[in-house]
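Structure, as structure tokens:
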Amino acid sequence: MARKAAFDHKDYPKAIILCKEALTKSPDYSDIRVFLGRIYTWTDHNDSARTAFSYVLNHHPDNEDAASAFTDLEYWNNNYSKALEYCNQGLQYHPASTGLLLKKGKILNATKNYKEAFSVIDSLLQKDPKNSQARSLIGTIKDNNSIHKIGLSYDYVYFDKQFNNPWNLVSLSYSQPTNIGSLIGRINYANRFSENGIQGEVDFYPHISKTFYAYLNVGASGTNSVFPRFRYGASLYANLPWSMEGEAGFRYLRFSSDVWMYTASLGKYYKNFWFNLRTYLVPDNKYISQSYALTTRYYTGGADDYIYLTVGTGISPDDQAAASLLGSQNKLKSQKIGTGFSHVFKKRNILSLDLTWYHQEYKTNTFGNQYDLGITYQRRF
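For the sequence shown, the numbering used here begins at 60 and goes up steadily by one.
Structure representation (structure tokens):
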């Protein structure tokens, strides 16, 4: 009757009365007392909730539900040290509890202990790879896992019609966490259009709150043909309910003329899968050019172990193999399909391999094929 009053009718005072009546008959009935504590938590009677949870844990220190409920109470009230204390107490008796491990990862993430948070959630996913909440959480903390990370990538791009010579792209990156987010520096080299070019870039992912974080990018080059002479962009990300994430932002690229693009995306974790739908909109005097991409990952282990498939239309400014065409071809048609995998070996090494096919309209009603083969190695230390 108390559950019905609370869940069906939101009548919390009645639910409290019924719980107390039940406890007069069975004062050691832990499930009732924990439920009473949860009702107190929901109604902001925090001291009463602490009394209920403490009673259960004093009499039954191995009660997982009480430890979990006490952890929630302190976490929601930003008492992270207490939340971690009760969570660890529960894990002493239930070390394989996915619920408590997930809560511990959230607490460590909130206290910016990203390395340990990553370790906890990554180990959880090894036991329960279909846990959508853990998969969503680790996506927000994985770049903060190591003190340092260095990466090297190479792309070979072949054209059957549009250009006589293939393109070669090399990128060297270095990242490390800061107190407010991950900072990444990158040097890009490319040989395309029979020219050489170098671009410097900086990415920054500042944390704003439990719900929001941002992406900031700035880059510059000495040429406006191989790379845009100047680029910058920003996005705001929001961690949404049901293991979802939303994004809205813009990108600016300076070639011989300015290219402004606006982007939005929606991501969803479901068991071992991650789905992401993204669009880029390029406004013009007469119409808005549009591009769309749907990406699906299937995770085989932790955050960096997966295979993926992507399909899309149009050109993305975040795609190094095609972004240089935006200055001249953003109004032409383009389709792509790509696949690849990422795998972690010996815990700190990540190897990725990608293959993408583009069907590109490089002149009005004239199409050609573009093939991009990429390989990336990253080392965390």
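Even for Gly, the Cβ is constructed at its ideal location relative to N, Cα and C.
Values in this document were obtained by computation on a predicted structure and should not be read as measured data.
Evaluate residue i with the Cβ neighbour count: other Cβ atoms within 10 Å of its Cβ, from every protein chain shown; 16 or more gives buried, anything less gives exposed.
| i | result |
| --- | --- |
| N190 | buried |
| Q349 | exposed |
| W301 | exposed |
| A111 | buried |
| S280 | buried |
| W226 | buried |
| I180 | buried |
| E133 | buried |
| S315 | exposed |
| I374 | buried |
| P120 | exposed |
| A362 | buried |
| I75 | buried |
| M320 | buried |
| D262 | buried |
Starting from residue i, follow its DSSP beta bridges and name the residues at the other end.
| i | result |
| --- | --- |
| V403 | I409 |
| T237 | G240 |
| S280 | Q258 |
| E306 | Y296 and S324 |
| K208 | S234 and R439 |
| P342 | I347 |
| T83 | The partner list for T83 (beta bridge, DSSP) is empty, contrary to what the question assumes. |
| D442 | No answer is possible for residue 442: it lies beyond the span of the chain, which begins at 60 and ends at 440. |
| T415 | G397 and D431 |
Do residue j and residue i count as a contact pair if the criterion is CB distance below 8 Å?
| i | j | result |
| --- | --- | --- |
| H266 | G305 | no |
| I243 | S230 | no |
| K208 | R62 | no |
| A128 | L161 | no |
| D364 | S401 | yes |
| L432 | Y248 | no |
| Y264 | R290 | no |
| P188 | Y358 | yes |
| G399 | Y367 | yes |
| E123 | S85 | no |
| L72 | Y173 | Note that residue 72 is Pro in the sequence shown, not Leu. No, the pair does not count as a contact, with Cβ atoms beyond the cut-off. |
| D70 | H118 | no |
Cβ-heavy atom distance between residue i and the ligand MN below 7 Å?
| i | result |
| --- | --- |
| M60 | As far as ligands go, the structure on display features none, and thus does not contain the ligand MN. |
For residue i and residue j, which I take to be in contact (beta-carbon distance under 8 Å), what is that distance rounded to the nearest angstrom?
| i | j | result |
| --- | --- | --- |
| L159 | A126 | 7 Å |
| K395 | W416 | 7 Å |
| Q113 | T435 | Reading off the sequence shown, one finds Ser at residue 113, where the question assumed Gln. The Cβ separation is near 51 Å, so there is no contact. |
| R97 | V115 | Not quite, the Cβ-Cβ distance comes to about 11 Å (not below 8 Å), so this is no contact. |
| D131 | T100 | 7 Å |
| L414 | G397 | 6 Å |
Would the segment 351-360 and the segment 323-339 be scored as touching if the rule is three or more Cβ pairs under 8 Å? yes
Three or more C-beta pairs below 8 Å linking the segment 194-202 and the segment 218-225: no
Evaluate contact between the segment 313-330 and the segment 287-299, counting only Cβ atoms and requiring at least three cross-stretch pairs below 8 Å. yes
Within the chosen definition, does the segment 165-183 reach the segment 337-345 through at least 3 CB pairs nearer than 8 Å? no
Assess contact between the segment 283-290 and the segment 242-256, defined as three or more Cβ pairs (one per stretch) separated by less than 8 Å. Is contact present? yes
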